[in-house]
Amino acid sequence: MIKFITYACFLSISISVYSQNSPTNVHQNAIVVDTHGDILFNQIKSGIDIGKLQQTGNFDLIRAKQGGLDVQVFSIWCDHLGGYPIANQQIDSLYSLIKRYPSKIALVKNEAELRNAVAEKKLAAMIGVEGGHMIENNLHYLDKLAKRGMIYL
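Counting in numbering that gives the first Met the number 0, the sequence shown runs from 0 upward without gaps.
Structure representation (structure tokens):
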């Protein structure tokens, strides 16, 4: 009988600890970050509005929120034929998205802004630029991209 009671107590404690640390609970309490999304290039190319629910593709603001995504690093990308103008076109696209959906998404440049956006239930948007070719050997372009919100190159 003592073995049974010990086992029952252990099982009860285990279930309690598991339910508090279940994957769903951990996910809901964490700040969930996608550190790489080639979203803007595809949005411009296709002309879709990722602020609205899409039937195709792998990203829109609605599904991001439903999935518990808190932070999206938008990867600014183009092939070797593009460069600084294409980077700015994609950043302009992100700014336009933020202007159209200010209750859903906010550009963040530091931890305080990130935490504030998450607390307001907005997707915290960050900008990462892929490839040194995007600054076309011009360090002035690097400064300009940083002023527009780029967090890494």
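Quick reminder that beta carbons are idealized off the backbone N, C-alpha and C, glycines included.
Between the CA atoms of residue j and residue i - distance to the nearest angstrom
i, j, result
"LYS51", "HIS26", "24 Å"
"PHE40", "GLN53", "16 Å"
"LEU122", "ALA116", "7 Å"
"ILE61", "THR34", "18 Å"
"ILE126", "SER21", "32 Å"
"GLY67", "LYS120", "10 Å"
"ASN136", "GLY82", "10 Å"
"MET133", "ASP78", "9 Å"
DSSP bridge partner residues for residue i (one or two, in chain order)
i, result
"ARG71", "Going by the sequence as given, residue 71 is Gln instead of Arg. Looking at the DSSP assignment, GLN71 forms a beta bridge with ASP33 and ALA124."
"ILE104", "LEU122"
"TYR151", "GLY127"
Nearest-angstrom beta carbon gap, residue j and residue i [assumed within contact, 8 Å]
i, j, result
"ALA124", "GLN71", "6 Å"
"ASP69", "VAL107", "At roughly 10 Å, the Cβ-Cβ gap does not stay under 8 Å, so ASP69 and VAL107 are not in contact."
Classification of residue i by the beta-carbon crowding that lies within 10 angstroms, buried from 16 upward
i, result
"ALA118", "exposed"
"ASP59", "buried"
"TYR151", "exposed"
"GLN42", "buried"
Exercise for the section: Starting from the N-terminal side, write out each stretch of the alpha helix (DSSP H) that is 4 residues or longer and does not extend beyond the segment 10-62. Expected result: 22-28 and 38-45
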